[in-house]
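Residue numbers (this note's numbering): 4 to 192.
What follows is a short report on a single structure.
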């Protein structure tokens, strides 16, 4: 899988483009009743999407059982996800792996809610390594040791786990952001 860098962060070319990322950052308008599921990759994004979809449907599992996760909570930074989000009726349930500095600027002036899921960096790294090994064309996927070095230096898809979490945690005092950890979700099973 080939990738490109947007503002220093690696993104996969298959689903992402500089045009869509720029639009998302600078022009996309979050609505006051939007709920955005945010997480660094392999940190519980799909799991939280299921939880939020069940909350949105008042516990009725039929929507969750009959619609694909990316249709219920489209990834807004991809071209296809953006198209879905723009036609999605409010209240919208959206997903993203974007770091805060690339998140829609409109968030700062909206009442949209963010649910940010964090995961232990070791577990996110190991899960990411195994996930990305499934992509034969991934540039420099290498051994676990190679991936670990790239993870620690932020040279993996979607950039540094440390920078991602730090930037979002700096927003912790905002009333419209809820933080939870993957590990807390596991405890509540």
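Beta carbons: idealized from backbone N, C-alpha and C, even for Gly.
For clarity, every value in this text was computed on a predicted model and none was experimentally measured.
Check your understanding: When DSSP builds the beta bridges, which residues end up paired with residue 42?
Key -> Reading the chain shown from its first residue, position 39 is the one you call residue 42. Residue 42 pairs with 120.
**Study point:** When 176, 117, 145 and 56 are compared against residue 35, the one with the closest alpha-carbon
**Key:** Within the chain shown, residue 35 is the residue found at index 32, counting from 1. Looking at 176, 117, 145 and 56, the one whose alpha-carbon comes closest to that of residue 35 is 117.
Review point. Which runs of the alpha helix (DSSP H) fall wholly inside the stretch 28-98 and span at least 4 residues, in chain order?
Key: 48-59, 65-69, 72-75 and 82-90
Review point. Apart from the five residues just before and just after residue 95, which ones in its own chain have a Cβ nearer than 6 Å to its Cβ?
Key: On the chain shown, position 92 is the one that residue 95 refers to. So the qualifying residues of the chain are 37.
Practice item. Below 8 Å on the Cβ atoms is my guess for residue 55 versus residue 110; work out the distance and round it to an integer in Å. Key: On the chain shown, position 52 is the one that residue 55 refers to. On the chain shown, position 107 is the one that residue 110 refers to. Rounded, the Cβ-Cβ distance is 17 Å, inconsistent with contact.
Point to revise | Residue from 112, 102 and 182 with nearest C-alpha to residue 13 | key: Looking up residue 13 in the chain shown gives position 10. For the residues 112, 102 and 182, the minimum Cα distance to residue 13 belongs to 102.
Check your understanding: Would a C-beta distance cut-off of 7 Å place residue 40 and residue 51 closer than the cut-off?
Key -> As a working note, residue 40 is residue 37 in the chain shown. As a working note, residue 51 is residue 48 in the chain shown. Between residue 40 and residue 51, the gap from beta carbon to beta carbon is short of 7 Å.
Check your understanding: For residue 29, which residues of its own chain have a beta-carbon under 7 Å away from its beta-carbon, when the five flanking residues on both sides are left out?
Key -> As a position in the chain shown, residue 29 is number 26, starting the count at 1. 108, listed in sequence order.
Review point. Which stretch, first to last residue, makes up the alpha helix (DSSP H) that contains residue 103?
Key: Along the chain shown, read from residue 1 onward, the residue named residue 103 stands at position 100. Note, residue 103: premise wrong, no alpha helix (DSSP H); not H, not E.
Check your understanding: In this structure, what does DSSP give as the bridge partners for residue 6?
Key -> The residue labelled residue 6 in the question sits at position 3 within the chain shown. Note: residue 6 sits in a beta bridge opposite 15.
Review point. What distance in whole Å lies between the Cβ atoms of residue 121 and residue 182, which are believed to be in contact at a cut-off of 8 Å?
Key: Indexing the chain shown from 1 puts residue 182 at position 179. Indexing the chain shown from 1 puts residue 121 at position 118. The pair is a contact, with the Cβ atoms about 7 Å apart (cut-off 8 Å).
Exercise for review: Confirm, please, whether the CB-CB distance from residue 72 to residue 49 is below 7 Å.
Suggested key: Residue 49 sits at position 46 when you count from the first residue of the chain shown. Residue 72 sits at position 69 when you count from the first residue of the chain shown. Yes, the Cβ-Cβ distance between residue 49 and residue 72 is below 7 Å.
Check your understanding: Which stretch, first to last residue, makes up the beta strand (DSSP E) that contains residue 154?
Key -> The residue labelled residue 154 in the question sits at position 151 within the chain shown. Careful: residue 154 lies outside any beta strand (DSSP E), inside the alpha helix (DSSP H) at 147-156.
Exercise for review: Using a Cβ cut-off of 7 Å (strictly closer), state whether residue 48 contacts chain E.
Suggested key: The displayed structure is made up of one protein chain only, and chain E is not part of it.
Review point. Run through DSSP, which three-state label would residue 181 get?
Key: Within the chain shown, numbered from 1, the residue matching residue 181 stands at position 178. Residue 181: strand per DSSP, three-state reduction.
Check your understanding: Grouping DSSP H, G and I as helix and E and B as strand, with all else coil, what is residue 22?
Key -> Taking the first residue of the chain shown as 1, we reach residue 22 at position 19. If DSSP states are grouped into helix, strand and coil, residue 22 belongs with the helices.
Practice item. Flag this pair as yes or no: are the beta carbons of residue 24 and residue 80 separated by less than 7 Å? Key: Within the chain shown, the letter at position 21 stands for residue 24. Within the chain shown, the letter at position 77 stands for residue 80. Contact flag set, yes.
Exercise for review: With hydrogens ignored, establish whether the beta-carbon of residue 116 is closer than 6 Å to any heavy atom of the ligand NAD.
Suggested key: The ligand NAD is absent from the structure shown, which contains no ligand whatsoever.
Check your understanding: Helix, strand or coil for residue 109 per DSSP?
Key -> Walking along the chain shown from the start, residue 109 turns up at place 106. If DSSP states are grouped into helix, strand and coil, residue 109 belongs with the helices.
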